[in-house]
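> This is the structure I have questions about; it appears just below.
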Amino acid sequence: MTASPPTAAPWRASVLTLFPEMFPGPLGVSLAGRALTSGIWALEARDIRASATDRHRSVDDTPAGGGPGMVLRADVLAAAIDAADIAPERPRLLMSPRGRPLTQGMVRELAAGPGPLIVCGRFEGIDQRVIDARELIEVSIGDYVLSGGEIAALVLIDACVRLLPGVMGKLESGADESFSDGLLEYPQYTRPQLFEGRTIPDVLTSGDHAKVAAWRREQAQALTEARRPDLWAEWRARQGREQTGTGQKAPKNTTDG
10 MTASPPTAAP
20 WRASVLTLFP
30 EMFPGPLGVS
40 LAGRALTSGI
50 WALEARDIRA
60 SATDRHRSVD
70 DTPAGGGPGM
80 VLRADVLAAA
90 IDAADIAPER
100 PRLLMSPRGR
110 PLTQGMVREL
120 AAGPGPLIVC
130 GRFEGIDQRV
140 IDARELIEVS
150 IGDYVLSGGE
160 IAALVLIDAC
170 VRLLPGVMGK
180 LESGADESFS
190 DGLLEYPQYT
200 RPQLFEGRTI
210 PDVLTSGDHA
220 KVAAWRREQA
230 QALTEARRPD
240 LWAEWRARQG
250 REQTGTGQKA
260 PKNTTDG
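Last residue of the sequence shown: 266 in our numbering, with the numbers rising by one and none dropped.
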């Protein structure tokens, strides 16, 4: 199943899945859907079962060493990856709860590239040998387990597509939000001025852009400190290095931003 011609756009996502009918799903509506229709990006969902060789189209088998569930076979998945015939510069990802966390930095890097091949696992997992042999990069969207990698793949693709040129109406929409500078986003308000006894903070209607910017910065810092002490500690450390000029920047990870 191909949601749109995979060669029609400079950025494309190729998804290997046992359930290609799950795509484009929510990616077919709103900003991502309009961008998909207009050719800003392309999506190809390929059925892993098409690479099975027996008459039952078997893709899994019992785990070596025993245990519950089934494991996706290395030979079948390897054949599916090879059949996708992607360019070598495109990253090969595996959505997995044991993978490195999906961060906004990783998203920006993926969005700036040609687009990934994404493998969606099922059952108890996939044979480690195909992960090693095809150099799959395991990526996690959170510390929890899903029924399969498809929903995680939708999350990753959506996060990337919204950053592609021409998708969002204003480029500032992507530059001034949670994680863009290491902080959570400040609170947002709009009309009506009075809602159930609650008013918009006066500073936001003052017309003083400098005061508005300062207020938003303070709110972002306070929210980050209260809700994500891990991010707050990282942000404070980075600010300290930049102010003193004595810190060494860590080498850039080419996958994780």
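A virtual CB, placed ideally from N, CA and C, is assigned to each residue, including glycine.
Between the alpha carbons of Glu181 and Pro72, how many angstroms are there, rounded?
In this prediction, Glu181 scores a pLDDT of 49, lower than 50, which makes its location untrustworthy; the coordinate-derived value is nonetheless stated afterwards. The alpha-carbon atoms of Glu181 and Pro72 are separated by roughly 49 Å.
> Once the 5 residues before and after Gly175 are set aside, which same chain residues still bring their CB inside 6 Å of it?
Within the same chain, Gly175 has close Cβ partners Ile49.
> Please go through the region 147-172 and give each complete alpha helix (DSSP H) segment of 4 or more residues, from N-terminal end onward.
The qualifying runs are 159-170.
> Closer than 8 Å by C-beta to Ala223: which residues in its own chain qualify, once you throw out the five before and the five after it? Chain order, please.
So no residue of the chain qualifies.
> When the Cα of Ile166 is compared with those of Asp211, Met79, Thr112, which residue comes out closest?
Checking every option, the nearest Cα to that of Ile166 belongs to Thr112.
> On the three-state DSSP scale, how would you describe Gly249?
If DSSP states are grouped into helix, strand and coil, Gly249 belongs with the helices.
> State yes or no: is the C-beta of Leu86 within less than 7 Å of the C-beta of Val139?
Yes, the Cβ-Cβ distance between Leu86 and Val139 is below 7 Å.
> Excluding five sequence neighbours on each side, which residues of the same chain lie with their C-beta closer than 6 Å to the C-beta of Ala168?
Taken in chain order, the residues that qualify are Val116.
> If you check the beta carbons only, do Ile95 and Leu52 fall under 7 Å apart?
No, the Cβ-Cβ distance between Ile95 and Leu52 is not below 7 Å.
> Using a 10 Å radius around the Cβ and a threshold of 16 neighbouring Cβ atoms, would you call Arg158 buried or exposed?
The displayed chain sequence assigns Gly, not Arg, to residue 158. Per the 10 Å Cβ criterion, buried.
> Taking DSSP as the reference, what is the three-state secondary structure of Thr112?
Three-state DSSP puts Thr112 in coil, outside helix and strand.
> With a 10 Å radius around its C-beta and 16 neighbouring C-beta atoms as the bar for buried, classify Phe32 as buried or exposed.
Counting Cβ neighbours within 10 Å, Phe32 comes out buried, since at least 16 surround it.
> Would you identify the three-state DSSP class for Ala22, choosing helix, strand or coil?
Three-state DSSP puts Ala22 in a strand.
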